[in-house]
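Take a look at the structure below.
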Ligand SMILES: Nc1ncnc2c1ncn2[C@@H]1O[C@H](COP(=O)(O)OP(=O)(O)O)[C@@H](O)[C@H]1O
Ligand SMILES: [Mg+2]
C-alpha cells in the first residue's frame with residue numbers, strides 16, 4: 001500500500017478567519033477514513049480546500065496527492081486527477097440536463113487523461129449500468145442538475161456522479177445527513193461498490209449509523225481546525241454515546257477505548 | 267486559481283468576430299434629412315405617389331416629436347442631420363436574378379459571417395431574402411414559394427408588384443406617429459421584407475432574412491410587413507451581424523405583423539450587431555418597433571428574440587390581442603456585456619375575449635452591461651377571461667453590471683388572471699465551482715450555466731437557429747468566458 005494523500009500541517013483561512021489550524025492526515029490507497037466532529041469544526045472547509053474552492057486560502061502546510069502537489073492545481077485539474085467532492089449541499093443548475101452535465105464532466109476528465117471521449121450511446125450504456133448497480137431509477141437522467149430534487153435525491157445524484165466518474169479520491173461531505181434509511185443504504189452501497197485497493201475515501205459524517213454500512217479503516221475527530229483524535233470504527237460508537245465534549249475537556253489523553261488502533265492525534 | 271473575475275476579464279477581451287468591412291462601392295446620399303431627401307429616396311425607388319405622400323406626412327409628424335427618454339439607457343445625443351439616409355450597392359440598378367449574378371464580394375461577406383447563402387439555402391431549404399445595406403440583392407426559392415401562393419420579396423419589390431397589398435396593410439399595425447423612431451422609419455425606410463401568406467396556406471419553408479449594416483454613417487431603416495391570411499401559418503427568421511467601426515450607426519426598423527382569423531405567425535430574431543468595443547466606443551444604436559396584430563379570432567403571434575449585439579437596444583416586440591381567443595407570446599434572451607445597454611421587453615394588449623399571453627424574458631448582464639426588462643400587460647374592459655403569465659429572470663455575471671425590471675400591469679377587467687414572476691441571480695460561484703469540481707472547464711461551465719438559463723427561450727427557436735443562437739451566446743460570453 002502506498003500513501004495516496006498526505007496532508008501536512010495544513011492551515012487555512014476563510015474570509016480572513018483561520019479555520020484549519022495545523023491539520024495532518026495520511027490516507028493509504030484502498031482506505032476509507034471517516035471524519036467526525038462538531039458543527040463548524042472545519043470539516044467542509046477541509047473538503048473545499050482539497051477540491052480547490054475559491055475563497056479558501058491555504059496559509060501554511062502541504063497537500064500531496066499521488067506524488068503531486070495538489071494545492072498547485074486548478075479545481076478542474078484536481079477533478080481530472082481524480083479528486084471528487086460529494087457536496088454537503090449539492091448545487092442546482094436550472095435548465096442543464098443532468099445526463100448532459102455528467103457526460104461533459106466525464107469527457108472532460110477522459111480528455112485530460114488522454115482517453116477517448118464517450119459518445120452518447122457509450123455514455124448511456126455506462127450510465128444505465130451504474131444506475132442498476134445503485135438501484136436508482138432513471139428518472140433523474142431527464143431532469144436538470146439537482147433542480148427541484150429532494151434532499152435525498154440530491155445526495156443520491158452525488159453518489160451516482162461518483163459512480164460514473166470513478167474518482168481516485170472521493171470526499172463525501174455529510175452525504176448521509178437528512179437521509180432516510182433507504183437513501184442511506186444507497187449511499188453506502190455506492191461507497192462500498194467503489195471500494196477498491198486503488199481508491200481512497202474520506203467520509204465526513206455526524207452519525208455513527210452510516211458507519212454500520214460503511215466500515216471505515218480509521219475514524220478521525222476534527223475539532224477546532226485539527227484532528228484531535230484518531231481511532232478505529234469503535235471510536236465512532238463512543239462519539240455517538242458521549243458526544244464531543246469529553247474531547248474538549250482534554251479528554252484526548254484519557255481516551256477510553258479498548259481498540260488498539262486508537263491513538264491520540266499529536 | 268482563476269476565478270469569476272478573470273473569467274469576466276477574458277469575456278471583456280473578446281473581440282467582435284464579425285468586425286470587418288466589405289469594400290463594395292456604395293451610392294450614398296449626402297447626410298441630412300429633408301423633404302427633398304425623402305423625395306430622392308422615393309424617386310430612386312420608383313414609388314407611387316401615395317407612398318411618397320405617406321412618407322412626407324410621417325416626416326411632418328416626426329418633426330413634432332421628441333426622442334423618448336423614459337428608457338433606462340444613456341444615449342449620446344444623435345445628430346439626425348449627420349446621417350445619410352440612403353445607400354445602395356452599385357449593382358442595385360441591375361438587380362441580380364439569381365445568386366450567380368450576386369457580387370462575389372457580397373457572397374464572400376456572407377461566408378465570413380458563417381452564412382453561406384447558397385449552401386444554407388440549398389441544404390436547409392430556407393428561402394433567403396438578403397438585405398445588404400438598404401437594398402435587397404438576392405432572393406431564392408421564390409418560384410417554390412410562388413407555387414404555394416406565398417409572396418416573399420423585398421419591400422421595394424412588393425411596392426412595385428403588389429402595391430394594393432402594401433397600401434392596405436402598411437402602417438395598419440404601427441401607425442406613423444406611434445413613436446419618434448417609428449415615424450422616422452416611415453419617412454425614410456429604404457427596404458426590408460414583405461411576406462404574404464394567403465388563406466389556408468402553411469408556408470412550405472421557414473423564411474429567413476439576413477441583415478447586414480455596411481456603409482459608414484448610414485442609418486439603416488428597414489421596413490418589414492408580414493400578412494398571414496385566415497388559417498395560414500408562417501415562421502420567419504431574422505438574423506443580423508455587422509462590421510466593426512467607430513461611428514455609432516443608427517438603426518430604426520419597423521416590423522408589422524398582421525394575423526387574421528386562425529393565422530399563426532412565428533417571428534424569430536437573432537441579433538448580433540456590432541456592440542461597440544470594450545470601452546463602449548462605436549456600436550449600433552438599435553431602436554426597433556415590432557408589433558403583431560392578432561386581428562382575427564384564434565390567431566397567434568409569437569416573438570422569439572436573442573439579442574446579443576448593439577451598443578444600445580430599445581425594443582419591445584408587442585402583441586395586440588384583438589381577436590377573441592387570440593394568443594401572444596414573447597420569448598427573449600438579451601445579453602449585455604462590456605458597456606452595452608438594453609432596455610427591452612414587450613407589450614401584451616388584451617382586447618378580445620379569452621385572450622392569452624405569455625412572456626418569458628431572460629436578461630444576462632456581464633462586464634458593465636446594463637439590462638432592463640420593461641413589459642406592459644394591459645387588460646382592457648371587454649377582454650373577458652384574459653390570461654397572462656410573465657416570467658422574468660435576470661442573471662448577473664460579475665459585479666459591475668446591472669439588471670432592472672420594470673413591469674407595468676393594467677387590469678380593467680376583474681375576470682383577468684395575471685401572473686408575474688421575477689428572479690435575479692448572480693451566476694453562482696457555487697454553480698461554477700460545482701462544474702469545475704466535476705472537471706468541466708470554467709469557460710464550458712459558464713456557457714453551460716447560461717445556456718441552461720436560456721433554455722426556455724432557445725427551445726422556441728427553429729432548430730438551426732437555436733444552434734446558432736447558442737453559439738452566438740457562447741461567443742458573446744467567450745467575450746465573457748474565455
Ligand atoms: N464561505 C465561508 N465564509 C465565511 N465563513 C465560512 C465559510 N465557510 C466556512 N466558514 C466558517 O468556517 C467554519 C468552519 O465551517 P465548516 O468547514 O463548514 O464546518 P463543518 O463542516 O465542520 O461544520 C465555520 O465557523 C464557518 O462559519
Ligand atoms: Mg460541513
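Chains as they are written, first to last, in our numbering: chain A, 1 to 266; chain B, 267 to 748. Think of the CB as a built atom: it goes at the ideal place given N, C-alpha and C, for glycine as much as any other residue. Computed from a prediction, not measured in an experiment: that's the story for all the values here.
- With a contact defined as Cβ atoms closer than 8 Å, residue 172 (chain A) and residue 204 (chain A) qualify at about 6 Å.
- Note on geometry: alpha-carbon atoms of residue 720 (chain B) and residue 639 (chain B) lie some 15 Å from one another.
- The alpha-carbon separation between residue 129 (chain A) and residue 137 (chain A) amounts to approximately 11 Å.
- For the pair residue 691 (chain B) and residue 661 (chain B), the CB atoms are nearer than the 9 Å cut-off.
- Closest by C-alpha distance to residue 302 (chain B), out of B:325, B:314, B:316, is B:325.
- In the three-state scheme derived from DSSP, where H, G and I count as helix and E and B as strand, residue 94 (chain A) is classed as strand.
- Under the DSSP assignment, residue 320 (chain B) falls in the alpha helix (DSSP H) whose first and last residues are 315-330.
- For residue 634 (chain B), the CB contacts under 7 Å within the same chain, skipping 5 residues up- and downstream, are 604, 605, 666, 667 in chain order.
- Here the segment 55-73 of chain A makes no contact with the segment 93-105 of chain A; the two share fewer than three CB pairs at distances below 8 Å.
- Residue pairing of residue 584 (chain B) in beta bridges, as defined by DSSP: B:557.
- With contact defined as three or more Cβ pairs closer than 8 Å, the segment 27-35 of chain A and the segment 211-230 of chain A are in contact.
- Excluding residues up to 5 positions away in sequence, 537, 579, 600 lie with their Cβ nearer than 6 Å to the Cβ of residue 573 (chain B) in the same chain.
- Approximately 21 Å separates the beta-carbon atoms of residue 52 (chain A) and residue 226 (chain A); this is outside 8 Å, ruling out the contact.
- A Cβ-Cβ distance of about 6 Å is found for the pair residue 727 (chain B) and residue 735 (chain B), placing them in contact under the 8 Å criterion.
- Residue nearest to residue 742 (chain B) within the set B:611, B:544, B:462 is B:544 (criterion: CA-CA distance).
- Around the beta carbon of residue 334 (chain B), a 10 Å sphere encloses fewer than 16 other beta carbons of the protein chains shown; the residue is thus reported as exposed.
- Taking 8 Å as the cut-off, one finds at least one heavy atom of ligand 2 near enough to the beta carbon of residue 88 (chain A).
- In the DSSP annotation of this structure, residue 563 (chain B) is not part of any beta strand (DSSP E), being labelled neither H nor E.
- Following the DSSP letters along the chain, one finds residue 656 (chain B) inside the beta strand (DSSP E) bounded by residues 653-662.
- Taken through DSSP and simplified to helix, strand or coil, residue 636 (chain B) comes out as strand.
- Of the other Cβ atoms in all chains shown, fewer than 16 fall within 10 Å of the Cβ of residue 132 (chain A); this residue is therefore exposed.
- According to the DSSP assignment, residue 113 (chain A) belongs to no alpha helix (DSSP H), since it is labelled neither H nor E.
- In this structure, A:87 is the residue among A:117, A:45, A:87 with its C-alpha nearest to the C-alpha of residue 702 (chain B).
- Within the segment 195-257 of chain A, the complete beta strand (DSSP E) segments at least 3 residues long are 200-204, 218-223, 226-231, listed from N- to C-terminus.
- Within chain A, 53, 54, 55 have C-beta atoms less than 9 Å from the C-beta of residue 695 (chain B), given in sequence order.
- If the five residues before and after residue 26 (chain A) are omitted, its C-beta is found closer than 8 Å to the C-beta atoms of 3, 5, 6, 7, all from its own chain and listed in chain order.
- A distance criterion of 8 Å places the beta-carbon of residue 38 (chain A) in contact range of ligand 1, judged by its closest non-hydrogen atom.
- Here the C-alpha atom of residue 238 (chain A) lies approximately 14 Å from the C-alpha atom of residue 210 (chain A).
- No Cβ of chain B is located within less than 9 Å of the beta carbon of residue 127 (chain A).
- Within the chosen limit of 8 Å, ligand 2 does not reach the beta carbon of residue 696 (chain B) with any heavy atom.
- Closest option to residue 330 (chain B), judged by alpha-carbon separation, among B:470, B:714, B:450: B:450.
- By the neighbour-count criterion, in which 16 or more other beta carbons inside 10 Å mark a residue as buried, residue 39 (chain A) falls on the exposed side.
- Sixteen is the threshold: since fewer than 16 other Cβ atoms of the shown chains lie within 10 Å of the Cβ of residue 316 (chain B), the residue is exposed.
- Taking one beta carbon from each stretch, the segment 587-602 of chain B and the segment 547-564 of chain B have 3 or more pairs nearer than 8 Å; the two touch.
- Not flagged as an interface residue toward chain A: residue 687 (chain B), since no C-beta distance is shorter than 9 Å.
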